[in-house]
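**Student:** My structure is below; once you've seen it, I'll send some questions.
Residue numbers (my numbering): 6 to 86.
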């Protein structure tokens, strides 16, 4: 994740790829369509726990900027359990 940690001779042989972080709408979409359904299956809860329409957006907005989904997944697990 940090090019400074790679030795210059090795870095010279690599072709680093720079990928942008997810945008706010992408975080919300992935949380709604992938993370939450997977969490419901894993915990075997279908309709027992319902989340309001703005919960995932509030979790995304209330957390520090994160390039991945682990933080949102952890927050969803906390809210649901």
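Backbone N, C-alpha and C fix where the C-beta goes; we use that ideal spot for every residue, glycine too.
Residue 16 and residue 8 - do their beta-carbons sit closer together than 8 Å?
**Tutor:** Within the chain shown, residue 8 is the residue found at index 3, counting from 1. Within the chain shown, residue 16 is the residue found at index 11, counting from 1. Yes, the Cβ-Cβ distance between residue 8 and residue 16 is below 8 Å.
**Student:** Which of the three DSSP states is assigned to residue 29 in this structure?
**Tutor:** Mapped onto the chain shown, residue 29 falls at position 24. Helix, per DSSP.
**Student:** Which term fits residue 36, buried or exposed, when burial requires 16 or more other beta carbons within 10 angstroms of its beta carbon?
**Tutor:** For the purposes of this step, residue 36 is identified with residue 31 of the chain shown, where counting begins at 1. Its Cβ being crowded by 16 or more others within 10 Å, residue 36 is buried.
**Student:** Going by C-alpha distance, which of 40, 67 and 74 is nearest residue 85?
**Tutor:** Taking the first residue of the chain shown as 1, we reach residue 85 at position 80. Selected option, being the one with the closest Cα: 40.
**Student:** Only counting the same chain, and skipping five residues up and downstream in sequence, which positions put a Cβ closer than 6 Å to that of residue 61?
**Tutor:** Taking the chain shown and counting its residues from 1, one reaches residue 61 at position 56. 33, 36 and 37.
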